[in-house]
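The numbering of the sequence shown is the numbering used here, which starts it at 192 and goes up by one.
Each residue gets a CB set at the ideal place from its N, CA and C atoms; glycine is no exception.
Just below is one structure, and these are the notes that go with it.
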Amino acid sequence: MKVTVTEQGVLIPKSLLEGIQEVEIRKQNGAIVIVPIVQEDPIFQLGKDPIYDSVTDASVNHDLYL
Numbered sequence: 192m193k194v195t196v197t198e199q200g201v202l203i204p205k206s207l208l209e210g211i212q213e214v215e216i217r218k219q220n221g222a223i224v225i226v227p228i229v230q231e232d233p234i235f236q237l238g239k240d241p242i243y244d245s246v247t248d249a250s251v252n253h254d255l256y257l
């Protein structure tokens, strides 16, 4: 695909960015690279703000308690 560079830059068709909310644009080895920024998976947030309870082995047996 060829596009014209205007005073504002280049417009990337939304169809090429389907499902993408944010991108990183950088110049690398003479090429312009556009990389989607993947939102962090919420599963990685488990255990970041632990609660305290009478169960003492919750982290060891996490799957059993779900």
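Per DSSP, reduced to three states, the secondary structure at Q199 is coil, with no helix or strand assignment. Looking at the DSSP output, V214 shares a beta bridge with P227.
Shortest Cα-Cα distance from I228 to any of I216, Q236, F235 involves I216. Cβ contact annotation for Q236 (same chain, cutoff 6 Å, sequence separation greater than five): none.
Contact check for L207 and V194: beta-carbon distance about 11 Å, past the 8 Å limit, so the pair fails to qualify.
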